[in-house]
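Taken in sequence, the protein lines are chains P and S. Take 7 as the starting number for the first sequence in my numbering and just add one per residue. Take 7 as the starting number for the second sequence in my numbering and just add one per residue. Scroll down for the structure; my scribbles are underneath it.
Protein chains: 2
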Amino acid sequence: MKPLKVALLGCGVVGSQVIRLMHEQAGDLAARVGAPLELAGVAVRRLGRKRDIDVDPALLTTDAEALVTRDDVDIVIEVIGGIEPARSLIVAALSRGKSVVTANKALLAEDGATLHEAARSGNGDLYFEASVAGAIPLLRPLRESLAGDHVKRVLGIVNGTTNYILDKMDSTGASFTDALEEAQTLGYAEADPTADVEGFDAAAKAAILAGLAFHSRVTAEEVHREGITEITATDVASANAMGYVIKLLAICARSDDGRSFGVRVHPAMIPRSHPLAGVREAYNAVFVEAESAGQLMFYGKGAGGAPTASAVLGDLVAVGRNRLAGTRGPEESTYADLAVHPMGETVTRCHVALDVADKPGVLARVADLFAKHDVSIQTVRQEGHGDDAQLVIVTHRATDAALSATMEGLRELDIVRAVASVMRVEGDE
Amino acid sequence: MKPLKVALLGCGVVGSQVIRLMHEQAGDLAARVGAPLELAGVAVRRLGRKRDIDVDPALLTTDAEALVTRDDVDIVIEVIGGIEPARSLIVAALSRGKSVVTANKALLAEDGATLHEAARSGNGDLYFEASVAGAIPLLRPLRESLAGDHVKRVLGIVNGTTNYILDKMDSTGASFTDALEEAQTLGYAEADPTADVEGFDAAAKAAILAGLAFHSRVTAEEVHREGITEITATDVASANAMGYVIKLLAICARSDDGRSFGVRVHPAMIPRSHPLAGVREAYNAVFVEAESAGQLMFYGKGAGGAPTASAVLGDLVAVGRNRLAGTRGPEESTYADLAVHPMGETVTRCHVALDVADKPGVLARVADLFAKHDVSIQTVRQEGHGDDAQLVIVTHRATDAALSATMEGLRELDIVRAVASVMRVEGDE
Numbered sequence: 007m008k009p010l011k012v013a014l015l016g017c018g019v020v021g022s023q024v025i026r027l028m029h030e031q032a033g034d035l036a037a038r039v040g041a042p043l044e045l046a047g048v049a050v051r052r053l054g055r056k057r058d059i060d061v062d063p064a065l066l067t068t069d070a071e072a073l074v075t076r077d078d079v080d081i082v083i084e085v086i087g088g089i090e091p092a093r094s095l096i097v098a099a100l101s102r103g104k105s106v107v108t109a110n111k112a113l114l115a116e117d118g119a120t121l122h123e124a125a126r127s128g129n130g131d132l133y134f135e136a137s138v139a140g141a142i143p144l145l146r147p148l149r150e151s152l153a154g155d156h157v158k159r160v161l162g163i164v165n166g167t168t169n170y171i172l173d174k175m176d177s178t179g180a181s182f183t184d185a186l187e188e189a190q191t192l193g194y195a196e197a198d199p200t201a202d203v204e205g206f207d208a209a210a211k212a213a214i215l216a217g218l219a220f221h222s223r224v225t226a227e228e229v230h231r232e233g234i235t236e237i238t239a240t241d242v243a244s245a246n247a248m249g250y251v252i253k254l255l256a257i258c259a260r261s262d263d264g265r266s267f268g269v270r271v272h273p274a275m276i277p278r279s280h281p282l283a284g285v286r287e288a289y290n291a292v293f294v295e296a297e298s299a300g301q302l303m304f305y306g307k308g309a310g311g312a313p314t315a316s317a318v319l320g321d322l323v324a325v326g327r328n329r330l331a332g333t334r335g336p337e338e339s340t341y342a343d344l345a346v347h348p349m350g351e352t353v354t355r356c357h358v359a360l361d362v363a364d365k366p367g368v369l370a371r372v373a374d375l376f377a378k379h380d381v382s383i384q385t386v387r388q389e390g391h392g393d394d395a396q397l398v399i400v401t402h403r404a405t406d407a408a409l410s411a412t413m414e415g416l417r418e419l420d421i422v423r424a425v426a427s428v429m430r431v432e433g434d435e
Numbered sequence: 007m008k009p010l011k012v013a014l015l016g017c018g019v020v021g022s023q024v025i026r027l028m029h030e031q032a033g034d035l036a037a038r039v040g041a042p043l044e045l046a047g048v049a050v051r052r053l054g055r056k057r058d059i060d061v062d063p064a065l066l067t068t069d070a071e072a073l074v075t076r077d078d079v080d081i082v083i084e085v086i087g088g089i090e091p092a093r094s095l096i097v098a099a100l101s102r103g104k105s106v107v108t109a110n111k112a113l114l115a116e117d118g119a120t121l122h123e124a125a126r127s128g129n130g131d132l133y134f135e136a137s138v139a140g141a142i143p144l145l146r147p148l149r150e151s152l153a154g155d156h157v158k159r160v161l162g163i164v165n166g167t168t169n170y171i172l173d174k175m176d177s178t179g180a181s182f183t184d185a186l187e188e189a190q191t192l193g194y195a196e197a198d199p200t201a202d203v204e205g206f207d208a209a210a211k212a213a214i215l216a217g218l219a220f221h222s223r224v225t226a227e228e229v230h231r232e233g234i235t236e237i238t239a240t241d242v243a244s245a246n247a248m249g250y251v252i253k254l255l256a257i258c259a260r261s262d263d264g265r266s267f268g269v270r271v272h273p274a275m276i277p278r279s280h281p282l283a284g285v286r287e288a289y290n291a292v293f294v295e296a297e298s299a300g301q302l303m304f305y306g307k308g309a310g311g312a313p314t315a316s317a318v319l320g321d322l323v324a325v326g327r328n329r330l331a332g333t334r335g336p337e338e339s340t341y342a343d344l345a346v347h348p349m350g351e352t353v354t355r356c357h358v359a360l361d362v363a364d365k366p367g368v369l370a371r372v373a374d375l376f377a378k379h380d381v382s383i384q385t386v387r388q389e390g391h392g393d394d395a396q397l398v399i400v401t402h403r404a405t406d407a408a409l410s411a412t413m414e415g416l417r418e419l420d421i422v423r424a425v426a427s428v429m430r431v432e433g434d435e
């Protein structure tokens, strides 16, 4: 049987695991695909570098473009990340009829349209299971298993670094800075943690998830994004006291009329009893609510060389089978073409802690302000006395615009000394 | 665009939801498939019966065989369950080149080989996502997403009825009988609960899961099966006191040398901290350990009309797309052809409670018996005194044969008044 030839772009943490698994499991992969898979070449930045894996030096090249356009290459695996040169290389491969497996969330979320268009024009496959939640089979279920259902909402913990930090803060009482430092020491966070802690990584994944869930095209720019750097040990303790835990969530939710949806990444309080609350350490999990299927959750490792390589190889097998059968997998589905509504129209709930003067009439004035903005209060309780008095309020569902306006108003009230914390509440309707 | 014609076998709880969704989501389904789906007929047992759903009486027929062999029918959905006439009807459809979507776990586990063979001969698709864990996208991920990985173990809560009963026993202290009665009142358990509480339903699902996970052919007969009827409120309380919870698990595990695997369904103690421990009520969840992907979990509703229909429709969309593209999805993969090893060779751990005489030398004699059978003890503790003295022992990993022989030996020791309970321990290596 003629082998399928595979070009690999990138030989870092993920790429070296892809090579290892292609080698170690060659027999199984051949049986599952229907033909052997042969590594045709590996594009790297520098040739001489020491690598984690034994790879035939003759396979290495610094000319990625020549590699992806070689006539004998059937499938290209892209694990270099970033926008360029990844985009040009993928487009070059796809437009020549090759199939591509990629883990590149940033590129898919910034310019997925260009890639999908190239896949269509070349009549090849573009698979990207590894781009969201690493090893967790998630995109294929969303795209295929739930193809007969209506997804209402996706709530995901899709960034392992921030989940590790928030979990440490929750379980040990650590500050954000200390928890981040520990994550960096353990290799869960990078030296420059911005992409993770400011929510950029999660936002790219949210865009991909929303596109699949709602059969529409979404870019990372359309995702409302807030990070976790402002979260204090006090916020975490106060959530804990109320039976909640703070998680950085990627949320894609259809509007009540079904004609638009919101996509956002921000920290939120979720009840301890919610399945996502038990997701510890650097694990990822995605909770899906569909009209007929009800509540589903997918849980597993969101990053790391071997887990990501597992997702890449799953796609490689599918793409390989498709090529042998002379067919293509399901292509991008954007027929619904729903609009992304602005954050202000998103319906959510809020937990607010206010430092207030401890005197009669304070609650009445605060309640009056909420009413003025049409935000109804679910619970309110006073903690402490005198100079330490704090009002802790949890609202019912309201638009984010109304909630923001209420917070603005509270900051201007003379009886409110400070808005100590504001946090959205999710997962308990 | 020419519609794809769909024949539905069965119009009960699941079938009526399939009809409702095909009707309500006709537009979305057409967009996702690439052609409209048209209901060609519905086979029922009796024509006059009152139904949960409005269906054109002209579509109803009692002649299922005529329906599935009609030339204009492209796809057959089978949701009548049981072995016959389901098998003959599915084989008739497949051998005529039609594609089949089925939720029939019993048939697949008893005689999947015949169905897969018919699918191959007719060059059509046989999809069965709904047969295991209802709405949870599980078979497609196992079959496709993990196709580039090696599954080491699958631990599943795949029967909602027994999970509901065990969860009630755990959360309220109820007896098995009372919990079963409540489950029956709420419609979670049938009047004759045998298939659920004796583990037959879970065993069929275990056979299907093991076949997919290990690329081998497995029948329900090969599954070691124990039910939950012997579990007492004391067992549950004692597990709880040790930080464990009792679940009915379907376990498929590769042997250490990778050359065989075990498949079994039995109650087991799992640590409270295990992701499966938090699966409450009638929910299902399947925990997968793969070599590269690591630990994964899939969670959701395992039964019910709408959830099962969601899984059926997901398959319907896939099968429909394949027909339009003139291709087939991945067929049965049994290339590994591993053997199922007998239960005695399965490696597990045991929790044992012994009523013993409270006198010097008892522990030494008990420990000696374990040693004689090469079973090493992890923890032992004495509870109570005098006539109430109980030894609670948790073993290290050993073969089930050695553990069984040890239990036999304990029953014969004169210092052991009774073996109060024996339960396997899983999920904490």
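Glycine included, C-beta positions come from ideal geometry on N, C-alpha and C.
Listed along chain S are Phe304, each with a C-beta nearer than 7 Å to that of Phe304/P. For Pro147/S, the enclosing alpha helix (DSSP H) begins and ends at Leu145 to Arg149.
Annotated three-state conformation of Ser105/P is strand, per DSSP.
Ser410/S and Leu416/S have their C-alpha atoms some 10 Å from each other.
A Cβ-Cβ separation of about 16 Å leaves Ala109/P out of contact with Ala70/P under the 8 Å criterion.
Contact check for Ala201/P against Asp207/P passes: the beta carbons are separated by less than 8 Å. For the stretch 166-194 of chain S, the full-length alpha helix (DSSP H) segments reaching 4 residues or more read 166-178 and 182-191 along the chain. Nearest to Ala395/P by alpha-carbon distance, out of Arg403/P, Val386/P, His402/P and Thr401/P, is Val386/P.
By the Cβ-count criterion, Thr401/P is buried, with 16 or more other Cβ atoms from all chains shown falling within 10 Å of its own Cβ. It is roughly 29 Å from the alpha-carbon of Ala185/P to the alpha-carbon of Ile86/P. Under the Cβ distance rule, Leu27/P counts among the residues neighbouring chain S, one pair being separated by less than 8 Å.
In the displayed model, Met349/S falls within a helix according to three-state DSSP. By the beta-carbon neighbour count (other beta carbons within 10 angstroms, threshold 16), Ala424/P is exposed.
Counting along the chain, the unbroken alpha helix (DSSP H) around Gly128/P starts and ends at Lys111 to Gly128.
Contact of Gly284/P with chain S by beta-carbon distance below 8 Å involves Pro281 and Gly284.
The beta carbon of Val79/P lies closer than 8 Å to those of Lys11, Val12, Ala13, Ala46, Gly47, Leu73, Ala99 and Lys104 in the same chain, with the five residues before and after it left out.
By the C-beta criterion, the stretch 326-340 of chain S is judged not to be in contact with the stretch 173-181 of chain S, since fewer than 3 inter-stretch pairs fall below 8 Å. Interface with chain S (8 Å Cβ-Cβ cutoff): Gln301/P is included. Where Arg327/P is concerned, the enclosing alpha helix (DSSP H) starts and stops at Gly311 to Ala331. Interface criterion not met: the Cβ of Asp198/P is under 8 Å from no Cβ in chain S. If you ignore the 5 residues before and after Leu65/P, its C-beta comes within less than 7 Å of the C-beta of Leu45, Gly47 and Val48, all in its own chain and listed in chain order.
Not one beta carbon of chain S lies nearer than 8 Å to the beta carbon of Lys211/P. Counting only the Cα atoms, Val39/P lies some 20 Å from Ser127/S. At least one beta carbon of chain S lies nearer than 8 Å to the beta carbon of Pro147/P. The beta strand (DSSP E) runs lying completely inside the stretch 14-99 of chain P and spanning 3 residues or more are 43-49 and 81-84, given in chain order. DSSP, read as helix, strand or coil, puts Leu360/P in strand.
Counting along the chain, the unbroken alpha helix (DSSP H) around Met413/S starts and ends at Asp406 to Glu418. Chain-order list of chain P residues neighbouring Tyr341/S: Ala37, by C-beta distance under 7 Å. Taking a Cβ-Cβ threshold of 8 Å, the residues of chain P close to Leu152/S are Pro143, Ser316 and Gly320, in chain order.
No Cβ-Cβ contact shorter than 8 Å links Gly311/P with Ala288/P.
Under the 8 Å Cβ criterion, the stretch 358-378 of chain P does not count as touching the stretch 252-261 of chain P, having fewer than three qualifying pairs. A residue is called buried when at least 16 other Cβ atoms come within 10 angstroms of its Cβ; Tyr341/S does not meet this threshold and is exposed. When only Cα atoms are considered, Met303/S and Glu123/P end up about 34 Å apart.
Residue state for Gly306/S is assigned as strand, using DSSP reduced to three classes. Interface annotation, Asp58/P: not in contact with chain S, CB-CB separation never under 8 Å. In the DSSP assignment, Val251/S falls within the unbroken beta strand (DSSP E) covering Tyr250 to Arg260.
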